[in-house]
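A.B. asks: Got a structure for you, questions after.
Numbering (the UniProt record's numbering), first residue to last: 1 to 389.
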């Protein structure tokens with residue numbers, strides 16, 4: 001049995017996914033509930049990463065650590081190989097994670113009550129971070145047709161006219177879109193026209209399915225790359241969320257200086273001792289593992305869509321172009337989200353993410369994580385069928 005088929009017991013490992021269900025879903029007893037919600041995989045990290053971490057533990061001293069030049073080189077080489085994007089070493093700043101990186105950019109480059117634009121349904125911290133920093137959030141909902149999302153550029157431009165910063169999900173979570181070059185160029189054109197800064201969260205940029213290709217926004221921005229902050233991380237790609245490390249790529253030196261001053265003001269300059277070890281082993285040695293896991297995810301997507309269509313025909317799910325997250329439309333059932341969640345948690349004993357978490361545009365949807373052994377996925381779908389069929 002390979003590591004993608006073996007079922008690992010993650011209970012009592014301080015796992016948010018497995019050990020926090022009762023609090024997250026407000027249930028008294030979560031012991032029998034199967035978690036298929038938060039975006040981490042139920043697969044072990046790549047063997048080269050595990051070996052590097054074991055070696056680091058064997059060293060036995062965990063003092064203050066640096067993100068070395070080798071870390072920068074690993075990121076640069078990875079982006080050059082995977083995305084044909086040339087990053088200069090001095091463009092890169094390391095951070096504790098994508099969420100704190102986005103928060104630091106919001107705080108550095110906007111003021112209280114400034115307007116920040118997002119395109120829901122979208123990753124909740126985008127609007128939560130803005131709200132918690134007393135910014136006003138503008139919503140330009142994506143257009144959806146037959147499970148395929150596009151940007152409503154007319155509404156998008158209207159909202160941009162009063163916007164200071166646009167937070168962009170590239171590729172899109174939860175809809176799974178890999179944006180085309182034409183779409184990306186139009187975003188750059190409109191943000192340039194209205195002088196709006198852009199955060200491009202590209203944490204899912206390595207999790208591309210089928211023939212699709214991820215295009216880093218800054219790669220095609222030319223002279224306008226200076227208005228873009230690209231947020232990258234190996235943690236989603238290689239299932240390392242608990243080892244927190246991320247990068248902000250900013251081509252504009254003045255903007256980098258402001259972010260560095262922010263880091264000094266908030267004491268966020270030093271990362272944990274395992275971050276450089278995991279990052280370099282992931283990017284330098286773990287590409288074969290990634291190719292394997294992408295095939296597993298793609299096959300699991302096909303299996304889930306087929307099984308859902310057979311067992312709960314009222315549900316609609318379209319294979320995403322990226323991510324291991326399946327966005328499921330349950331509107332044909334005619335049930336409220338509260339009823340759906342009660343049935344899933346109470347009868348099915350399975351935890352999916354409710355679409356409202358991603359904004360009003362997500363109401364009527366569920367998000368299912370398929371990055372798990374096939375037997376676990378089959379169990380989860382059977383539980384869904386017991387609850388909803």
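Glycine residues also receive a C-beta, built at the ideal position from the N, C-alpha and C atoms. Predicted, not measured: the structure shown is a model, and the values here were computed from it.
Tell me the rounded alpha-carbon separation between residue 20 and residue 39.
C.D. replies: Counted from its first residue, the chain shown places residue 20 at position 20. Counted from its first residue, the chain shown places residue 39 at position 39. Those two C-alpha atoms are separated by around 14 Å.
A.B. asks: Per DSSP, what kind of secondary structure is residue 200 in: helix, strand or coil?
C.D. replies: Position 200 of the chain shown, counted from the start, is the residue given in the question as residue 200. Strand, per DSSP.
A.B. asks: Would you check if the distance between the CB atom of residue 80 and the CB atom of residue 212 is smaller than 8 Å?
C.D. replies: For the purposes of this step, residue 80 is identified with residue 80 of the chain shown, where counting begins at 1. For the purposes of this step, residue 212 is identified with residue 212 of the chain shown, where counting begins at 1. Cβ distance not < 8 Å, so residue 80 and residue 212 don't count as in contact.
A.B. asks: Could you tell me the alpha carbon to alpha carbon distance between residue 294 and residue 207, rounded to whole angstroms?
C.D. replies: On the chain shown, position 294 is the one that residue 294 refers to. On the chain shown, position 207 is the one that residue 207 refers to. About 7 Å.
A.B. asks: How would you call residue 2, buried or exposed, if buried means at least 16 neighbouring beta carbons within 10 angstroms?
C.D. replies: Sequence index remark: in the chain shown, residue 2 carries index 2 (1-based). Its Cβ having fewer than 16 others within 10 Å, residue 2 is exposed.
A.B. asks: For residue 185, which option in 339, 298, 221 has the closest C-alpha, if you only look at C-alpha atoms?
C.D. replies: For the purposes of this step, residue 185 is taken as residue 185 along the chain shown, with counting starting at 1. Among 339, 298, 221, the Cα nearest to that of residue 185 is on 221.
A.B. asks: DSSP state of residue 10, grouped into three classes?
C.D. replies: Walking along the chain shown from the start, residue 10 turns up at place 10. Coil at residue 10, not helix or strand.
A.B. asks: Taking the continuous alpha helix (DSSP H) assigned at residue 271, which residues delimit it?
C.D. replies: Here the question's residue 271 lines up with position 271 in the chain shown. Premise fails: residue 271 is in no alpha helix (DSSP H) and is neither H nor E.
A.B. asks: Can you tell me whether residue 279 is buried or exposed, with buried defined as 16 or more other CB within 10 angstroms of its CB?
C.D. replies: Taking the first residue of the chain shown as position 1, residue 279 is located at position 279. That one is buried.
A.B. asks: Which runs of the alpha helix (DSSP H) fall wholly inside the stretch 47-71 and span at least 4 residues, in chain order?
C.D. replies: Complete alpha helix (DSSP H) runs here, min 4: 47-59.
A.B. asks: Whose C-beta lies closer than 7 Å to the C-beta of residue 159 among residues of the same chain, with five residues either side of it excluded?
C.D. replies: Mapped onto the chain shown, residue 159 falls at position 159. So the qualifying residues of the chain are 117, 138, 140.
A.B. asks: Between the C-alpha atoms of residue 286 and residue 217, what's the straight-line distance to the nearest angstrom?
C.D. replies: Position 286 of the chain shown holds residue 286. Position 217 of the chain shown holds residue 217. Near 25 Å, if we compare the C-alpha coordinates of residue 217 and residue 286.
A.B. asks: To which residues of the same chain is residue 298 closer than 6 Å at the C-beta, ignoring the five residues directly before and after it?
C.D. replies: Locating residue 298 in the chain shown gives position 298, where the first residue counts as 1. For residue 298, where only same-chain residues beyond five positions count, the Cβ hits under 6 Å are 209.
A.B. asks: Our contact map puts residue 94 next to residue 277 with C-beta atoms below 8 Å; I'd like the distance itself, whole angstroms only.
C.D. replies: Residue numbering aside, residue 94 sits at position 94 when the chain shown is read from its first letter. Residue numbering aside, residue 277 sits at position 277 when the chain shown is read from its first letter. Wrong, their Cβ atoms sit about 13 Å apart, outside the cutoff.
A.B. asks: How is the beta strand (DSSP E) around residue 365 delimited, first residue to last?
C.D. replies: On the chain shown, residue 365 is found 365 positions in, with the first residue counted as 1. Looking at the DSSP string, the run of the beta strand (DSSP E) that includes residue 365 is 365-369.
A.B. asks: Starting from residue 34, follow its DSSP beta bridges and name the residues at the other end.
C.D. replies: In the chain shown, residue 34 corresponds to position 34, counting from 1. DSSP, once it has assigned bridges, lists 350 as partnering residue 34.
A.B. asks: Which one of 102, 350, 271, 361 has the shortest CA to CA distance from residue 232?
C.D. replies: For the purposes of this step, residue 232 is taken as the residue at position 232 of the chain shown. When only C-alpha atoms are compared, the closest one is 102.
A.B. asks: Can you list the alpha helix (DSSP H) stretches of 4 or more residues lying completely in the stretch 174-261, in chain order?
C.D. replies: Runs of the alpha helix (DSSP H) inside the stretch 174-261: 181-193.
A.B. asks: Residue 372: buried (16+ other C-beta within 10 angstroms of its C-beta) or exposed?
C.D. replies: For the purposes of this step, residue 372 is identified with residue 372 of the chain shown, where counting begins at 1. Result: buried.
A.B. asks: Is residue 135 helix, strand or coil when you go by DSSP?
C.D. replies: The sequence position of residue 135 within the chain shown is 135, counting from 1. The answer is coil: DSSP assigns residue 135 none of H, G, I, E or B.
A.B. asks: Check residue 18 in the structure and name its three-state DSSP category.
C.D. replies: Counting from 1 along the chain shown, the entry for residue 18 is found at position 18. Note: residue 18 maps to helix in three-state DSSP.
A.B. asks: Report yes or no: do the stretch 260-270 and the stretch 27-42 share at least 3 C-beta pairs separated by less than 8 Å?
C.D. replies: No contact exists between the stretch 260-270 and the stretch 27-42.
A.B. asks: Would you kindly check if the distance between the Cβ of residue 147 and the Cβ of residue 329 is under 8 Å?
C.D. replies: Taking the first residue of the chain shown as position 1, residue 329 is located at position 329. Taking the first residue of the chain shown as position 1, residue 147 is located at position 147. Yes, the Cβ-Cβ distance between residue 329 and residue 147 is below 8 Å.
A.B. asks: Using 8 Å as the threshold, is the stretch 356-374 in touch with the stretch 120-136, meaning 3 or more CB pairs across them?
C.D. replies: Yes, the stretch 356-374 is in contact with the stretch 120-136.
A.B. asks: For residue 203, is the classification buried or exposed, using 16 other Cβ atoms within 10 angstroms of its Cβ as the cut-off for buried?
C.D. replies: The count along the chain shown starts at 1 and reaches residue 203 at position 203. So residue 203 counts as buried.
A.B. asks: Going by beta-carbon coordinates alone, are residue 165 and residue 152 separated by less than 8 Å?
C.D. replies: Indexing the chain shown from 1 puts residue 165 at position 165. Indexing the chain shown from 1 puts residue 152 at position 152. It is not a contact, given that the beta carbons lie outside the stated cut-off.
A.B. asks: Would residue 129 pass as a contact of residue 87 if the rule is Cβ separation under 8 Å?
C.D. replies: Along the chain shown, one-based indexing puts residue 129 at 129. Along the chain shown, one-based indexing puts residue 87 at 87. Cβ atoms of residue 129 and residue 87: not closer than 8 Å.
A.B. asks: Residue 97 to residue 263, Cα distance in whole Å?
C.D. replies: Locating residue 97 in the chain shown gives position 97, where the first residue counts as 1. Locating residue 263 in the chain shown gives position 263, where the first residue counts as 1. Between residue 97 and residue 263, the C-alpha separation is close to 13 Å.
A.B. asks: Going by the DSSP bridge assignment, what does residue 145 pair with across the sheet?
C.D. replies: One-based indexing of the chain shown puts residue 145 at position 145. For residue 145, which the question treats as bridged, DSSP gives the partners 148.
A.B. asks: According to DSSP, what are the bridge partners of residue 95?
C.D. replies: The residue given as residue 95 occupies position 95 in the chain shown. Partner(s): 246.
A.B. asks: From what residue to what residue does the alpha helix (DSSP H) around residue 289 run?
C.D. replies: Within the chain shown, numbered from 1, the residue matching residue 289 stands at position 289. First-last of the alpha helix (DSSP H) with residue 289: 287-311.
A.B. asks: Need the endpoints of the beta strand (DSSP E) that residue 168 sits in, please.
C.D. replies: Here residue 168 corresponds to residue number 168 of the chain shown, with the count starting at 1. Here the beta strand (DSSP E) through residue 168 covers 165-169.
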